[in-house]
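**Student:**
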Amino acid sequence: MVVGLGIDVLEIARMGDVVHRHGKHFLARILTAAELAAAPQSDRAKATYYAGRWAAKEAVSKALGTGIGASCGWLDMEIMPDALGRPRLTLTGAAAETARRIGAESWHLSISHESAIAAGCAIAEKLSK
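Throughout, our numbering is defined as the position within the sequence shown, counted from one, plus 159.
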């Protein structure tokens with residue numbers, strides 16, 4: 160049973176501008192060390208990667224019903240590729256507690272990019288009855 164659904168979009172250029180202005184300090188607030196280490200090398204690819212992660216994390220926070228804040232911080236969510244390259248979500252801290260409270264036991268994530276836009280979609284599912 161679906162217990163949460165979220166979607167978010169972001170202009171890739173906007174993310175590139177923010178990263179250019181605020182640099183590593185900003186990135187360390189929104190991405191885990193593992194997510195930062197997995198980022199591609201080229202500047203354009205990095206902006207696309209960062210925008211995709213941002214949109215996906217916003218989508219997860221919306222699926223939790225909280226948005227980003229005390230009940231779901233940026234670093235409480237980690238999105239890493241599985242063996243097939245699909246995005247996989249790991250929740251910790253307040254986000255994990257919120258997920259337990261709403262019964263979210265399984266997650267489905269999608270991250271997509273077009274020339275100017277990154278999008279993230281998250282579905283939270285309860286498996287047990």
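By construction, the Cβ of each residue, glycine as well, lies at the ideal position given by its N, Cα and C atoms. Remember, it's a predicted structure, so these values are computed and weren't measured experimentally.
Between which two residues does the alpha helix (DSSP H) containing residue 187 stretch?
**Tutor:** 171–189
**Student:** Quick check on DSSP: helix, strand or coil for residue 245?
**Tutor:** Three-state result, residue 245: coil.
**Student:** Specify the secondary structure class of residue 286 as computed by DSSP and reduced to three states.
**Tutor:** Three-state DSSP puts residue 286 in coil, outside helix and strand.
**Student:** In the structure shown, what three-state DSSP assignment does residue 230 receive?
**Tutor:** coil
**Student:** In three-state terms, what does DSSP make of residue 265?
**Tutor:** strand
**Student:** Between the C-alpha atoms of residue 256 and residue 236, what's the straight-line distance to the nearest angstrom?
**Tutor:** 12 Å
**Student:** Roughly how far, in whole angstroms, is the beta-carbon of residue 277 from the beta-carbon of residue 168, given that I think they are within contact range, below 8 Å?
**Tutor:** 7 Å
**Student:** Suppose contacts are defined by Cβ-Cβ distances below 8 Å. Is residue 227 in contact with residue 194 by that definition?
**Tutor:** no
**Student:** Who pairs with residue 271 in a beta bridge, going by DSSP?
**Tutor:** According to DSSP, residue 271 bridges with 278.
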